[in-house]
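What follows is a single structure, written as structure tokens, with notes after it.
Protein chains: 2
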Amino acid sequence: MVEAAGRRRARGGGGAARRAERTAVSVETARYIERNIPNFEVLTTEALEIIEHNAETVLEEIGVNFVNNPAALELWREAGADIDGERVRIPRGLARQLCSTAPKSYTQHARNPERNVEIGGKSLVLAPVYGPPFVRDVAGGRRYATMEDFRKFVKLGYMSKWLHHSGGTVCEPTDIPVNKRHLDMLQAHMTLSDKPFMGSVTEPSRAQDSVDMCEILFGKEFVQQNTVMTSLININSPLTFDDVMMGALEVYARNNQAAIISPFIVGGAMAPVSVAGTLTQVLAEVLAGIAYSQLVRKGAPVIFGAFVTSIDMNSGAPTFGTPEASHITYGAGQLARRLGLPFRSAGSFCGSKLPDAQAAYETANSLNMGLLSGVNFMLHACGWLEGGLVSSFEKFVMDADQLGALHKFAQGVNVDEEAQALDAIREVGPGGHYLGCAHTQAHFKTAFWRSETFDYKPFETWDEEGARDSEALAALRVEKLLNDYQQPALDPAINEALNAYVVEKKASMPDAFM
Amino acid sequence: MVEAAGRRRARGGGGAARRAERTAVSVETARYIERNIPNFEVLTTEALEIIEHNAETVLEEIGVNFVNNPAALELWREAGADIDGERVRIPRGLARQLCSTAPKSYTQHARNPERNVEIGGKSLVLAPVYGPPFVRDVAGGRRYATMEDFRKFVKLGYMSKWLHHSGGTVCEPTDIPVNKRHLDMLQAHMTLSDKPFMGSVTEPSRAQDSVDMCEILFGKEFVQQNTVMTSLININSPLTFDDVMMGALEVYARNNQAAIISPFIVGGAMAPVSVAGTLTQVLAEVLAGIAYSQLVRKGAPVIFGAFVTSIDMNSGAPTFGTPEASHITYGAGQLARRLGLPFRSAGSFCGSKLPDAQAAYETANSLNMGLLSGVNFMLHACGWLEGGLVSSFEKFVMDADQLGALHKFAQGVNVDEEAQALDAIREVGPGGHYLGCAHTQAHFKTAFWRSETFDYKPFETWDEEGARDSEALAALRVEKLLNDYQQPALDPAINEALNAYVVEKKASMPDAFM
């Protein structure tokens, strides 16, 4: 059944056109951001060179550990590294040289080709929160996430105009056995949305399932020739590459599927407390990880990732939207561009337990910094709450709304004759009013970005309507989007084949909850 | 009495030292920000040149109105402008040439010289919200502001570590007659705080009262030789300079006191809907206003101001923290630097009725943009709510807390040997933990900025403590700061003289409430 569907799709030829036709009744999604603004750069060239030199010193002198992975050690040995137990010491310059075969940018295909995204260069692709075991909403409070919650988040992502990507583990469906939930999650992304998505990384076999299911959805040949998943490979900072994550990376790289190679750092715990020290370690880890991806398959698409937060030294809690995290992210962006690699960082990060002012300050700090630091792929762009423990329904739509402001800002400033508006200034003159002038009438519909979630009403109206705060307004938006949701069309044969794959695969294993 | 106090102070000589001594028991205030980071620039040189050319065209062809102000028209005529009724047309290049005598930066003195601020260059001075007729707090809701509210805000400003300036009309004390409230407001800033402050601009005579009261506080000679006030002169955009604001400007300029010359623009209403058009008008207005200040007194200290927001074309409401406002502010900063003038813009702007997530997203967007756009004087840096109709106690302390993050970010990245932390990376090695290492122990106290207001506790602790949101936490902070408040010492003779001035002045006029 699976194979039959795969063959049928591969045979088709005009698959892309057919897919587009099938999704004709679909919600609007903005094209990924193409920046027409400069990047903000916080480090001088001299500072960057010091950090690059030190990162090579770390790789050469200290090295990195590849744990439980003799095949990886062998690849490294062949490439010229010095192997000592599980420690890999990489001669100065070697990792950087190996990284040079990774593409500067790549296209991730969606089943609806209008939603393909370009990752790298001046682009910014926005994807939702990843990983929380809990969800929160106004009605139900904080609770363990279920598969039903997961599906709701995928639907919200599909309905969110400014979100280009369906993401991956938008929450952990804790009601499904741990060894089977990736199947349900992938099926949800594939059938409830037509935006690009991420594959499973929690076991190499689950990465393989992800590839297999993509072959059903896109056709086998298409998958081998194109990138249809971008998946998240975290490094066990400091300087450790475990066999599970590397196993998943190997599956993806061999199948030409993309991976974000991402140090996961709470500053002061997994890296030095200083910005320069953290950047040194981040660069060393990324160089080693991306070099390894290219040892597995030259040209495999990868992203320079950097998940970085600071820590509250009073409580030990990670802190978000902080100035130190911004310094590190801006610096990491500069390092990624000097390597010629796509860059992943930032997100709707916050430590607050509620989608309140704290959450919004921290998130806005991080989103703005993400745009200006040259991030190409922003995971967690909406919905993150409580340090990543919670996916919040209300915050998902609040954040997703704010992403519209990033789109508008990234367009830069138009200074053509119409935008110069000299005739409008002449028409109105001193003491006049622009609301009725010809230039305003011609442009008012597109001139200003506006929130689809928040309140712009006069005080009296707002008060009469119940004096609702942002969370209450967002809850209304969640409800509206879920009510308006219509599933994008999918070839019934593919739908059936995906379902059969999931059912068969689940039946082949006992449940595991650890 | 007043004169006696003034003379006594002027005679003293070591007045600054004495003032410092008297305030020895005082709360910590951070030094104004000196940026060690670049500015973000959104406009190309070509775009800037187009806008500059067009602004000169506006001044030459359309001109500006100076209303009810024959003396101003005469000054302009003498300077070479073309006068037609109240319309002043300024030949290309003249306004820019006149602006060249304005200083690039200036020192505003505080009665505690440790709190003097430098305005211009790479500095950023933060001042609180200005102008709202209402206040809001958790306990009392939204209500008309009173003088008691005003005093509380001055106390909060004094207690706020990251706020360098006491501001001006932190709220409108609507329980005091409109023609007398400036006296109470000035007295509050002068006696309840020792940070620099702003003068009254609502009548030229009130500007003169401000100067007179400063002469009591600082000594007559000191005031004539130094700048002790920075006051807000709004332009009636488009292109109109009214006699009240210009009258106040004239008083301040003649007395060597600083003025922010600031277009007040809701885009699409008081300026074109386009960014380039708005920037053209802003520049024309600022050129005319600052040129005029220099006609009144060459070398008078002034600031290039730009209060700009966009508009919600559905409701007509001004909107805040929007991408268009950011474009304009970044562009205005570039124009100000090309003119060599200090720049005022941005603030804790938001449209929300409550200090909730909407308020915080909008505010954080604006604060971050203010830092990166090179703002030198940020009015409204904390406490603004509901489009400027409301001064919020809780938002004041939330915003003031976030200003700490701006301070830290503006320091830039240290890459000295200690910050490089190579020894720490060596000590910890792959798979280790940095919390206990020597480098972390040496630096953890200063490594990371932390909020003094928000929540970093474990979920369970936070939940047990009442699951408080940001507003509730901020209310606790307001209470704590007001409880901890201690009035900074002031020479009793000066205190008495100020009080006598206010009492006598009030007795000399009937009450006016319009």
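Chains C and W, in that order, give the protein sequences. Each residue of the first sequence is one higher than the one before, starting from 1 at the first, in UniProt numbering. Each residue of the second sequence is one higher than the one before, starting from 1 at the first, in UniProt numbering. Built from N, CA and C at the ideal position, the CB exists for glycine as well. Computed from a prediction, not measured in an experiment: that's the story for all the values here.
| Query | Result |
| --- | --- |
| Mind checking which residues open and close the beta strand (DSSP E) that includes residue 262 (chain W)? | 258–266 |
| Please classify residue 319 (chain C): does DSSP put it in a helix, a strand, or coil? | strand |
| Which of the three DSSP states is assigned to residue 354 (chain W) in this structure? | coil |
| Tell whether a beta-carbon distance below 8 Å holds between residue 342 (chain C) and residue 304 (chain C). | yes |
| Taking the alpha-carbon positions, what's the residue 453 (chain C) to residue 346 (chain W) distance? | 23 Å |
| Only counting the same chain, and skipping five residues up and downstream in sequence, which positions put a Cβ closer than 8 Å to that of residue 65 (chain C)? | 86, 87, 88, 239, 240 and 241 |
| Taking the straight line between their C-alpha atoms, what separation do you get for residue 411 (chain C) and residue 34 (chain C)? | 8 Å |
| Among C:157, C:381 and C:399, which residue has its Cα nearest to the Cα of residue 27 (chain C)? | C:157 |
| If you draw a straight line from the alpha carbon of residue 484 (chain C) to that of residue 134 (chain C), how long is it in whole angstroms? | 25 Å |
| Determine, for residue 375 (chain C), whether the minimum Cβ-Cβ distance to residues of chain W falls below 8 Å. | no |
| Per the contact definition of three or more C-beta pairs closer than 8 Å, is the stretch 284–302 of chain W in contact with the stretch 246–265 of chain W? | yes |
| Which of the three DSSP states is assigned to residue 229 (chain C) in this structure? | strand |
| If distances are taken between C-alpha atoms only, which option among C:377, C:176, C:100 and C:450 comes closest to residue 259 (chain C)? | C:377 |
| Kindly provide the ranges of any beta strand (DSSP E) runs that are 3 or more residues long and lie completely inside the stretch 37–111 of chain C, ordered along the chain. | 64–66, 82–84, 87–89 and 105–108 |
| Got a sec, what are the start and stop residues for the beta strand (DSSP E) residue 137 (chain W) sits in? | 134–137 |
| Using a cut-off of 8 Å between C-beta atoms, extract the partners of residue 281 (chain W) located in chain C. | 425 |
| Give the range of the beta strand (DSSP E) segment to which residue 144 (chain C) is assigned. | 141–144 |
| Are the stretch 350–362 of chain W and the stretch 469–487 of chain C touching, with three or more C-beta to C-beta distances below 8 Å? | yes |
| Would the stretch 132–148 of chain W count as touching the stretch 197–212 of chain W if we require 3 or more Cβ pairs under 8 Å? | no |
| Which residues mark the beginning and the end of the beta strand (DSSP E) in which residue 124 (chain W) is found? | 123–126 |
| Do residue 32 (chain C) and residue 170 (chain C) have their C-beta atoms closer together than 8 Å? | no |
| Counting contacts by CB-CB distance shorter than 8 Å, is residue 218 (chain C) in contact with chain W? | no |
| Quick one: using the 10 Å Cβ neighbour count with 16 as the cut-off for buried, is residue 446 (chain W) buried or exposed? | exposed |
| Using a cut-off of 8 Å between C-beta atoms, extract the partners of residue 54 (chain W) located in chain C. | 420 and 422 |
| Answer with buried or exposed for residue 513 (chain C), where buried requires no fewer than 16 other C-beta atoms within 10 angstroms of its C-beta. | exposed |
| Please report whether the beta-carbon of residue 103 (chain C) lies at a distance below 8 Å from any beta-carbon of chain W. | no |
| Mind checking whether residue 72 (chain W) and residue 357 (chain C) have CB atoms under 8 Å apart? | no |
| By the 9 Å beta-carbon criterion, what residues does the stretch 346–375 of chain C contribute toward chain W? | 351, 352, 353, 354, 355, 356, 357, 358, 359, 360, 361, 362, 363, 364, 365, 367, 368, 369 and 372 |
| Please classify residue 235 (chain W): does DSSP put it in a helix, a strand, or coil? | strand |
| Between the stretch 153–173 of chain C and chain W, which residues of the former have a C-beta closer than 9 Å to a C-beta of the latter? | none |
| Short of 8 Å in beta carbon distance, which residues of its chain neighbour residue 109 (chain W), apart from the five on each side in sequence? Order them along the chain. | 116, 196, 218, 222, 226, 227 and 228 |
| List the endpoints of the continuous beta strand (DSSP E) containing residue 305 (chain W). | 302–305 |
| So, is the C-beta of residue 151 (chain W) closer than 8 Å to a C-beta in chain C? | no |
| Just tell me which of C:124, C:97 and C:184 has its CA closest to the CA of residue 500 (chain C). | C:184 |
| Do three or more CB pairs link the stretch 368–384 of chain W to the stretch 402–411 of chain W at distances below 8 Å? | yes |
| Is the CB of residue 43 (chain W) under 8 Å away from at least one CB in chain C? | yes |
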